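Colleague: Shown below is the structure under consideration.
Protein chains: 2
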Amino acid sequence: MYIIRSGTIRAYKNIDDEEVTVRFGYSGDVIVAIDSFLTEQRTSLNLQAIKKAEVEYIQKYKFLAFFTKDLESLKAWNEILSELILQQLEREIDLLIESPLGRYNRVLSRSPKLFQEIPAKYIASYLRMTPETLSRLGKI
Amino acid sequence: MYIIRSGTIRAYKNIDDEEVTVRFGYSGDVIVAIDSFLTEQRTSLNLQAIKKAEVEYIQKYKFLAFFTKDLESLKAWNEILSELILQQLEREIDLLIESPLGRYNRVLSRSPKLFQEIPAKYIASYLRMTPETLSRLGKI
DNA sequence: CAATAATCTTGATTTGAATCAATGTTTTTC
DNA sequence: GAAAAACATTGATTCAAATCAAGATTATTG
Chain Z
40 MYIIRSGTIR
50 AYKNIDDEEV
60 TVRFGYSGDV
70 IVAIDSFLTE
80 QRTSLNLQAI
90 KKAEVEYIQK
100 YKFLAFFTKD
110 LESLKAWNEI
120 LSELILQQLE
130 REIDLLIESP
140 LGRYNRVLSR
150 SPKLFQEIPA
160 KYIASYLRMT
170 PETLSRLGKI
Chain X
40 MYIIRSGTIR
50 AYKNIDDEEV
60 TVRFGYSGDV
70 IVAIDSFLTE
80 QRTSLNLQAI
90 KKAEVEYIQK
100 YKFLAFFTKD
110 LESLKAWNEI
120 LSELILQQLE
130 REIDLLIESP
140 LGRYNRVLSR
150 SPKLFQEIPA
160 KYIASYLRMT
170 PETLSRLGKI
């Protein structure tokens, strides 16, 4: 589990011979290959710095030692997991919107500051469209 | 939180003037408007029986009373949330696949028994394609 | 069981995003 | 700061899925 101290990280997955972006992490965020973190299996996600980044990391056993030490801590861990579920639900809805413009608008309105400083090609892949399509959306 | 004793339930959301299916629940499954369950806000999801169904329900306060009573229970609740996150991650990947056939195959191979007895129109909406497209996939 | 409604399939057509291709712009590197 | 590489924009074309439109099946209802 990484705490981003500066820079920007993206998580992506190889799908259809493409590197499809599934998450962005900014300074102050936590980013983690959640599948691996939860299952201790090899992850199918890749993490890449897209701005020179500094991160700290916590090893899972230390994290868990902290978050399972008493009832209150466990509830906090629980709260984090719940929050994650809600985020993923929003993400699912994002992806279900049919039109590229619709997806773009929804993601933008949900996280206005989200796409600052991120190269458009990664945003496009996050929004499941080509860079060309994303570029053309500006003109509408 | 509903425990399905018989029948089939789908969860759907209104997107783009369509009822887009986001989850199916079968006999034995638990189905819940997870956003509402976690936030206690009004849900944006609808639950609908697509086969005559019998369900039991647990109210959240009872559920939590059980799952927060001691450390072990909380860990179990935690485990459930983790499992949900992994499922949602799979779902996200499903939706990121570009071709209708690709999405169909991935979902089918992940849950072969998934689509038995479910009207194709709901499956199509779950796979973000039209019923016509789904129907034509069979011919490939 | 007949009648009606719902669903599914098939075909023809349209449409909008992907692809292809070229140029322009910004960023990186030496 | 020049050269190269990466990225973004724009235009033309292709293509695959959506839409539109009938039929064919299947399921539901009285």
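Protein chains in written order, with our numbering: chain Z, 40 to 179; chain X, 40 to 179. A virtual CB, placed ideally from N, CA and C, is assigned to each residue, including glycine. Predicted model only: the values in this text are computed from it and were never measured.
1) Along the beta strand (DSSP E) that carries F63 (chain Z), what are the first and last residues, could you check?
2) Against chain Z, does D55 (chain X) count as a neighbour if the rule is that its beta carbon must be under 7 Å from one of theirs?
3) May I ask you to report which of helix, strand or coil DSSP gives Q80 (chain X)?
4) Going by the beta-carbon positions, is the gap between N117 (chain X) and N117 (chain Z) smaller than 7 Å?
5) Can you give me the Cβ contacts of F106 (chain Z) inside the same chain, cut-off strictly under 6 Å, excluding the 5 residues immediately before and after it?
6) Classify L153 (chain X) as helix, strand or coil using the three-state DSSP reduction.
7) So, under 8 Å CB-CB, I136 (chain Z) and I54 (chain X) are touching, yes? Tell me the CB distance rounded to an integer number of Å.
8) Give a yes or no on contact between the stretch 68-77 of chain X and the stretch 152-160 of chain Z, applying the rule of three or more CB pairs nearer than 8 Å.
9) On a Cα-Cα basis, can you pick out the residue from X:I43, X:A88, X:R149 and X:M168 that is closest to E95 (chain X)?
10) Anyone know if the C-beta pair for G67 (chain X) and I48 (chain X) falls short of 7 Å?
11) Taking 7 Å as the CB-CB limit, is I124 (chain Z) close to chain X?
12) May I have the straight-line CA-CA distance separating R62 (chain X) from Y51 (chain X), to the nearest angstrom?
13) If you draw a straight line from the C-alpha of R167 (chain Z) to the C-alpha of K108 (chain X), how long is it?
14) Which same chain residues, not among the five before or five after L84 (chain X), have their C-beta less than 6 Å away from its C-beta?
15) What are the residues in the stretch 128-153 of chain Z lying within 8 Å of chain X by C-beta distance?
16) Looking at the structure shown, is R167 (chain Z) part of a helix, part of a strand, or coil, going by DSSP?
17) In the DSSP assignment, find the alpha helix (DSSP H) that holds K108 (chain X) and state where it starts and stops.
18) Taking any Cβ of chain Z, which residues in the stretch 58-75 of chain X have a Cβ under 8 Å from it, in chain order?
19) What residues in its chain sit with their C-beta under 7 Å from that of S45 (chain Z), if we drop five residues either side in the sequence?
20) Restricting to Cα atoms, I'd like to know which of Z:P151, Z:P170 and Z:K152 is closest to K160 (chain Z).
21) With C-beta atoms as the reference, is L140 (chain Z) less than 7 Å away from L176 (chain Z)?
22) Tell me the rounded alpha-carbon separation between K101 (chain X) and R149 (chain Z).
23) Looking at the strands, I want to know which residues DSSP matches up with S75 (chain X).
24) Can you give me the C-alpha to C-alpha distance between T78 (chain X) and A88 (chain X), rounded to a whole angstrom?
25) Can you find the residues in the same chain that come closer than 8 Å, C-beta to C-beta, to E129 (chain X), ignoring five residues on each side of it along the sequence?
26) As a quick exercise: from X:F76, X:E131 and X:K114, pick the residue whose alpha carbon is nearest that of Q98 (chain X).
27) Answer with yes or no whether the minimum CB distance from N85 (chain Z) to chain X is below 7 Å.
28) On the CB-based measure, 16 or more other CB atoms within 10 Å of its CB, does I119 (chain Z) come out buried or exposed?
29) Does the beta-carbon distance from V59 (chain X) to S138 (chain X) come in below 7 Å?
30) Mapping the DSSP letters down to three states, classify G141 (chain X) as helix, strand or coil.
Modeller: Based on what the coordinates show:
1) E57 to G64
2) yes
3) coil
4) yes
5) S112 and W116
6) helix
7) 6 Å
8) no
9) X:I43
10) no
11) yes
12) 7 Å
13) 43 Å
14) A50, K52 and A72
15) L128, R130, E131, I132, L134, L135, I136, E137, S138 and G141
16) coil
17) No alpha helix (DSSP H) contains K108 (chain X), which DSSP labels as neither H nor E.
18) V59, V61, I73 and D74
19) S66, A92 and E93
20) Z:P170
21) yes
22) 33 Å
23) None; S75 (chain X) has no bridge partner.
24) 24 Å
25) R149
26) X:F76
27) no
28) exposed
29) no
30) helix
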